[in-house]
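A.B. asks: Quick one: structure below, then a few questions.
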């Protein structure tokens, strides 16, 4: 057998080629992966895109496309601002963690060191790319949900003064309505975001070797201690800002006899918040000092003091004062704050100019008094709308036709002929309800009947609040299907296509005859939709979009 040196040189093997061409390599492989990921994201997002597009179509059909664009703009601006801000602070902290990482690492001597070595072997020179990718991914997760606060953002950016200040902090009421909700959200979000940044920074320092758990001696490098002290100091400062805004939130307190800041809130809770602000600012100073000392004693003191004060002064003391000092003596302790509540309510309801008149009550009621107050007596409400709803539905809704329902009864006022009217306004108080479609009661259920044939409810039910029929039932002035010719008030368009708490969809003018109502003989009277509202399904894209939105292929293929 010849030694290896005498063996003929081995010819290099040709790279095997697969049928159908070579597999993409290098940049081509990256492009292929990106395309596959993009197609996957598009496929999984189609329904959301369809909902987005159909929302626009609905707003546009009502002439409110500008409102839709305004809301979209507010959501987009919020998401971009918060995503961008979080990306910057996280990327900057991860960059600092890489820059202050130990330049020399001992050979792996345990599972912990072996993990760090493997991480650096895999990442290598791609640390910047990894830092950017992680920062962007976490920023999208943390910042994208902020768009749900678009209402608070619009109020914040369009604030106006009310010209009146609250009695507790002497701040214009417009601040509480327009600015406080968004400011509290921003500081709360910032505090949570910094917690995420702190955790990510600790993980980065661990992977870079600045933090060691399973080694004797110094486990955290001085540079890491300084970096973490800065982050903890900023967290303390943000928390102090939250306590400052929490003072104003006390005007919404429900702790006392009435809503608003009461005795315990003003005399105990506010002082506790001031104390917590001082503790937070003190903690901020201690963390700054710790940048030079680089130990754990000062951070431990700051956190321990903060936890002690928040439990004692922030929770326990106010609860004890409310229970043992205020509750036994509420009339005297809460009198001033009840007065504040009454004054604010009077101002808000516009009751400042109400004339007060004292009546001497003797408990006697005679015929002449009743005769002198007929307009009041005859308009006293006898029917509670919350109670009469069941009667309306039983006699004029589902009890009349299975596919109708009356889910709600409201109170309104109308001019009714031959009725005793309110002397001041010339109208009568009535209970009024719409007879809307109930999909659960549609006969011979099928997609056609549920979405093309039975498309709307019919008519309204009106009953004066102060009248009773000879049978002890509400006295209806508008009732039945079809509506009585002399219904009051006069109803010119009885069809109800959009009702309360209704979901799903109907398609009108589809070529299928629509049931307007079923008469007493059981015959279906037909009538097609003649209104201008609604979205036209005049293209394949629109039909496909609604099919995706409702998870129903029938609008596309029917």
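Numbering (my numbering), first residue to last: 19 to 576. Note that beta-carbon positions come from the ideal geometry of N, C-alpha and C, so glycine has one too. These numbers come from a predicted model, not from an experiment.
Taking DSSP as the reference, what is the three-state secondary structure of residue 273?
C.D. replies: Walking along the chain shown from the start, residue 273 turns up at place 255. Here residue 273 sits in coil by DSSP.
A.B. asks: For residue 354, which residues of its own chain have a beta-carbon under 6 Å away from its beta-carbon, when the five flanking residues on both sides are left out?
C.D. replies: Translated into the one-based positions of the chain shown, residue 354 becomes position 336. Excluding positions up to five away in sequence, the list is empty.
A.B. asks: Near residue 124, which residues of its chain fall below 6 Å by C-beta distance, leaving aside the five closest residues on each side in sequence?
C.D. replies: Translated into the one-based positions of the chain shown, residue 124 becomes position 106. Unreliable positioning characterises residue 124 in this predicted model, as indicated by a pLDDT of 46, which lies under 50. The coordinate reading is nonetheless provided below. Excluding residues within five positions, none has a Cβ falling inside 6 Å.
A.B. asks: Once the 5 residues before and after residue 267 are set aside, which same chain residues still bring their CB inside 8 Å of it?
C.D. replies: As a working note, residue 267 is residue 249 in the chain shown. Cβ neighbours of residue 267 beyond the five flanking positions: 198, 202.
A.B. asks: Determine contact between the region 495-503 and the region 464-479, defined as no fewer than three beta-carbon pairs at a distance below 8 Å.
C.D. replies: Judged by Cβ distances under 8 Å, the region 495-503 makes contact with the region 464-479, as three or more pairs qualify.
A.B. asks: Bridge partners of residue 308, per DSSP?
C.D. replies: Position 290 of the chain shown holds residue 308. Note: residue 308 sits in no beta bridge, so no partner.
A.B. asks: Given residue 101, which residues of its chain have a CB within under 7 Å of its CB, disregarding the five upstream and five downstream residues?
C.D. replies: Taking the first residue of the chain shown as position 1, residue 101 is located at position 83. 157, 158, 161, 162, listed in sequence order.
A.B. asks: Please state the DSSP three-state secondary structure of residue 169.
C.D. replies: To locate residue 169, count along the chain shown from 1; it is residue 151. Note: residue 169 maps to helix in three-state DSSP.
A.B. asks: As an exercise, report each continuous beta strand (DSSP E) stretch of at least 3 residues that is fully enclosed by the region 522-560, in chain order.
C.D. replies: With a minimum length of 3 residues, the continuous beta strand (DSSP E) runs that stay inside the region 522-560 are 533-536, 542-544.
A.B. asks: CB residue 564 to CB residue 72, shorter than 8 Å?
C.D. replies: As a working note, residue 564 is residue 546 in the chain shown. As a working note, residue 72 is residue 54 in the chain shown. Against a cut-off of 8 Å, the Cβ pair of residue 72 and residue 564 comes out as a contact.
A.B. asks: Let's see if you can read the secondary structure: which residues bound the alpha helix (DSSP H) around residue 267?
C.D. replies: Here residue 267 corresponds to residue number 249 of the chain shown, with the count starting at 1. That run of the alpha helix (DSSP H) goes 240-267.
A.B. asks: DSSP three-state label for residue 31, please.
C.D. replies: Start at 1 with the first residue of the chain shown, and residue 31 comes out as number 13. Low confidence applies here, because residue 31 scores a pLDDT of 48, under 50, leaving its location unreliable; read the following figure in that light. Residue state, collapsed to three classes: coil.
A.B. asks: Would residue 324 pass as a contact of residue 297 if the rule is Cβ separation under 8 Å?
C.D. replies: For this step, residue 324 is matched to residue 306 along the chain shown. For this step, residue 297 is matched to residue 279 along the chain shown. Cβ atoms of residue 324 and residue 297: closer than 8 Å.
A.B. asks: Looking only at DSSP bridge pairs, what is residue 449 linked to?
C.D. replies: As a position in the chain shown, residue 449 is number 431, starting the count at 1. According to DSSP, which records beta bridges pairwise, residue 449 is partnered with 429, 481.
A.B. asks: For residue 388, which residues in the same chain have their Cβ closer than 8 Å to its Cβ, ignoring the five residues on either side in sequence?
C.D. replies: Position 370 of the chain shown, counted from the start, is the residue given in the question as residue 388. Hits under 8 Å: 395.
A.B. asks: Run the CB neighbour count on residue 176, radius 10 Å, all protein chains shown included, and call it buried at 16 or more, exposed below.
C.D. replies: Indexing the chain shown from 1 puts residue 176 at position 158. Exposed, by the Cβ-count rule.
A.B. asks: What separation, rounded to the nearest whole angstrom, lies between the Cα atoms of residue 503 and residue 435?
C.D. replies: Reading the chain shown from its first residue, position 485 is the one you call residue 503. Reading the chain shown from its first residue, position 417 is the one you call residue 435. Going from the Cα of residue 503 to the Cα of residue 435 covers about 14 Å.
A.B. asks: Just curious, the alpha helix (DSSP H) that residue 348 is in, first and last residue?
C.D. replies: Residue mapping note: residue 348 aligns to position 330 of the chain shown, counting from 1. Element bounds for residue 348: 348-351.
A.B. asks: Does the region 360-371 touch the region 448-456, meaning 3 or more C-beta pairs lie closer than 8 Å?
C.D. replies: No, the region 448-456 is not in contact with the region 360-371.
A.B. asks: Quick one: residues in its chain with C-beta nearer than 6 Å to the C-beta of residue 358, no 5 flanking neighbours on either side, listed in chain order?
C.D. replies: On the chain shown, position 340 is the one that residue 358 refers to. Only 185 meet the Cβ criterion.
A.B. asks: Since residue 224 is in the alpha helix (DSSP H), which residue starts that stretch and which ends it?
C.D. replies: In the chain shown, the residue the question calls residue 224 occupies position 206. Per DSSP, residue 224 belongs to the alpha helix (DSSP H) from 198-226.
A.B. asks: Where residue 193 and residue 318 are concerned, what is the direct C-alpha to C-alpha distance, given to the nearest angstrom?
C.D. replies: Here residue 193 is taken as the residue at index 175 of the chain shown, counted from 1. Here residue 318 is taken as the residue at index 300 of the chain shown, counted from 1. Cα-Cα distance, rounded: 37 Å.
A.B. asks: Take every Cβ of the region 214-234, pair it with every Cβ of the region 243-263, and state whether three or more of those distances are shorter than 8 Å.
C.D. replies: The region 214-234 is in contact with the region 243-263.
A.B. asks: Just checking, does the region 375-392 make contact with the region 299-316 on the three C-beta pairs under 8 Å criterion?
C.D. replies: In short, these stretches do not touch, since the Cβ pair count stays below three.
A.B. asks: Near residue 86, what residues of its chain come up, given a Cβ to Cβ distance below 8 Å and the 5 sequence neighbours on each side ignored?
C.D. replies: Counting from 1 along the chain shown, the entry for residue 86 is found at position 68. 73, 74, 77, 78.
A.B. asks: Does the region 271-281 come close enough to the region 338-349 that 3 or more CB-CB pairs lie under 8 Å?
C.D. replies: Contact holds: three or more Cβ-Cβ distances are below 8 Å.
A.B. asks: So, helix, strand or coil for residue 509, using DSSP?
C.D. replies: What you label residue 509 is simply residue 491 of the chain shown in a count that begins at 1. If DSSP states are grouped into helix, strand and coil, residue 509 belongs with coil.
A.B. asks: Going along the chain, which residues of its own chain have a beta-carbon closer than 8 Å to the beta-carbon of residue 398, five neighbours each way excluded?
C.D. replies: Start at 1 with the first residue of the chain shown, and residue 398 comes out as number 380. Same-chain partners within the cutoff: 484.
A.B. asks: Between which two residues does the alpha helix (DSSP H) harbouring residue 328 extend?
C.D. replies: Indexing the chain shown from 1 puts residue 328 at position 310. Where residue 328 is concerned, the enclosing alpha helix (DSSP H) stretches over 315-329.
A.B. asks: Put residue 435 into one of helix, strand or coil per three-state DSSP.
C.D. replies: If you number the chain shown from 1, residue 435 lands on position 417. Residue 435: coil per DSSP, three-state reduction.
A.B. asks: Going by CA-CA distance only, name the one from 279, 264, 265 that's closest to residue 271.
C.D. replies: Your numbering for residue 271 matches position 253 in the chain shown. The shortest C-alpha separation from residue 271 is found at 279.
A.B. asks: Kindly list the residues whose CB is nearer than 6 Å to the CB of residue 420, restricted to its own chain and excluding five residues on each side of it in sequence; keep chain order.
C.D. replies: As a first step, residue 420 is located in the chain shown; it is residue number 402 there, counting from the start. Answer for residue 420: 459, listed in chain order.
A.B. asks: Using the Cβ count rule (16 or more neighbours within 10 Å means buried), how would you classify residue 227?
C.D. replies: Indexing the chain shown from 1 puts residue 227 at position 209. Looking at its Cβ environment, which holds 16 or more other Cβ atoms inside 10 Å, residue 227 is buried.
A.B. asks: I need the DSSP call for residue 1, collapsed to helix, strand or coil.
C.D. replies: This structure gives no information on residue 1, because the portion of the chain shown stretches from 19 to 576.
A.B. asks: Between the region 564-576 and the region 505-516, do three or more beta carbon pairs fall short of 8 Å?
C.D. replies: No, the region 564-576 does not touch the region 505-516.
A.B. asks: Check this for me: beta carbons of residue 260 and residue 205, under 8 Å apart or not?
C.D. replies: As a working note, residue 260 is residue 242 in the chain shown. As a working note, residue 205 is residue 187 in the chain shown. Yes; because the gap between Cβ atoms is below 8 Å, this pair is in contact.
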